[in-house]
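All remarks here apply to the structure that follows.
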Amino acid sequence: MNVLELYSGIGGMHLALKDSGVTGNIVASVEINNIANEIYKLNFPETYLWNANIEGITVEDIKKLNVDTILMSPPCQPFTRNGLQNDIKDPRTASFIHLLNIFPQLNIKYLLIENVKGFENSEMRDMLVKVLSENDYSYQEFIVSPHQIGVPNSRHRYYCLARKHERFSFEIEDLVCS
């Protein structure tokens with residue numbers, strides 16, 4: 001797998017991929033926050049770090065990277081109680097909406113998205129699954145507490161795992177895994 005990490009922060013998805021045992025190469029990571037980028041560089045000095053606003057990234061930019069997998073953790077504030085749950089009306093969702101608009105033109109085989117519990121009830125999530133469904137992706141959604149997988153944190157997180165042209169060998173009816 002050649003992987004593009006979007007909204008990379010300090011590299012949580014990168015570390016998760018590395019620790020998972022799945023063979024994958026993070027080709028590039030994209031983050032706009034300079035402080036997070038400095039920490040990311042310390043954590044993963046070998047990875048190309050692209051300091052950019054995702055809204056400015058084009059289909060051609062992504063295709064040049066020759067990636068088949070995208071990992072992303074878009075801004076969560078639009079979907080939290082403290083963030084007023086403004087959903088797609090929140091300007092912080094603009095970059096994710098941009099990605100969904102260009103996604104059908106990308107040749108991505110796998111997609112993993114992480115966000116806060118609450119995202120599963122959002123208009124943004126509805127847009128996501130519409131794009132996935134219209135472009136022949138099968139997907140599974142989960143609400144998981146990191147504590148369930150050995151991380152000392154009890155805040156539930158939303159995950160969406162999508163795969164193009166192939167069904168999953170498992171089907172989970174209930175969104176919440178316990």
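In the UniProt record's numbering, the protein residues as written are 1 to 178. Note that beta-carbon positions come from the ideal geometry of N, C-alpha and C, so glycine has one too.
task: Going by DSSP, name the residue or residues bridged to residue 85.
output: What you label residue 85 is simply residue 85 of the sequence shown in a count that begins at 1. As computed with DSSP, residue 85 is found in no beta bridge at all.
field: Local conformation of residue 72 per DSSP, three classes
entry: As a working note, residue 72 is residue 72 in the sequence shown. Correct three-state label for residue 72: strand.
- request: Determine the closest residue to residue 171 out of 65, 144, 138, with distance taken between C-alpha atoms.
  value: Locating residue 171 in the sequence shown gives position 171, counting from the first residue. Checking every option, the nearest Cα to that of residue 171 belongs to 138.
query: CB residue 66 to CB residue 2, shorter than 7 Å?
result: If you number the sequence shown from 1, residue 66 lands on position 66. If you number the sequence shown from 1, residue 2 lands on position 2. Result yes, Cβ atoms of residue 66 and residue 2 sit closer than 7 Å.
task: Going by CA-CA distance only, name the one from 21, 44, 89, 167 that's closest to residue 122.
output: Stepping through the sequence shown from its first residue, residue 122 is reached at position 122. Looking at the Cα atoms, 89 is the closest of the given residues.
query: Pairing CB atoms from the region 22 to 40 with CB atoms from the region 73 to 82, are three or more of them under 8 Å?
result: Per the Cβ contact rule, the region 22 to 40 is not in contact with the region 73 to 82 (fewer than 3 Cβ pairs under 8 Å).
query: If you draw a straight line from the alpha carbon of residue 161 to that of residue 59, how long is it in whole angstroms?
result: As a first step, residue 161 must be located in the sequence shown, where it is residue number 161. As a first step, residue 59 must be located in the sequence shown, where it is residue number 59. One Cα belongs to residue 161, the other to residue 59, and the distance between them is close to 21 Å.
- prompt: DSSP on residue 168, reduced to helix/strand/coil?
  reply: Taking the sequence shown and counting its residues from 1, the one referred to as residue 168 is at position 168. Looking at residue 168 - three-state DSSP - the assignment turns out to be coil, as it is neither helix nor strand.
query: Can you pull the DSSP bridge partners for residue 2?
result: By 1-based counting over the sequence shown, the position of residue 2 is 2. Answer is 25.
task: Return the CA-CA distance between residue 26 and residue 128, expressed in angstroms with no decimal places.
output: For the purposes of this step, residue 26 is identified with residue 26 of the sequence shown, where counting begins at 1. For the purposes of this step, residue 128 is identified with residue 128 of the sequence shown, where counting begins at 1. If I take the Cα positions, the gap works out to 23 Å.
field: Reference residue 99; option with closest CA among 71, 12, 47
entry: Looking up residue 99 in the sequence shown gives position 99. The alpha carbon of residue 99 has as its nearest neighbour, out of 71, 12, 47, the alpha carbon of 71.
message: Strictly by DSSP, which residues pair up with residue 111?
response: Along the sequence shown, one-based indexing puts residue 111 at 111. According to DSSP, residue 111 bridges with 70, 162.
message: Rounding to the nearest angstrom, what Cα-Cα distance links residue 177 and residue 61 in this structure?
response: On the sequence shown, position 177 is the one that residue 177 refers to. On the sequence shown, position 61 is the one that residue 61 refers to. With a pLDDT of 47 at residue 177, under the threshold of 50, the modelled position of that residue is not reliable, and the figure given next carries that caveat. Straight-line Cα distance between these residues: approximately 36 Å.
field: Spatial neighbours of residue 50 in its chain, beta-carbon cut-off 6 Å, leaving aside the 5 residues before and after
entry: If you number the sequence shown from 1, residue 50 lands on position 50. Result list for residue 50: 28, 30, in chain order.
message: Run through the DSSP bridge pairs and tell me what residue 142 is partnered with.
response: Here the question's residue 142 lines up with position 142 in the sequence shown. DSSP output for residue 142 lists 159 as bridge partner(s).
task: Please report the Cβ distance between residue 117 and residue 157, rounded to the nearest whole angstrom; I am assuming they are in contact, meaning their Cβ atoms lie under 8 Å.
output: Here residue 117 refers to the residue found at position 117 of the sequence shown. Here residue 157 refers to the residue found at position 157 of the sequence shown. That belief holds up - the Cβ atoms of residue 117 and residue 157 are roughly 7 Å apart, short of 8 Å.
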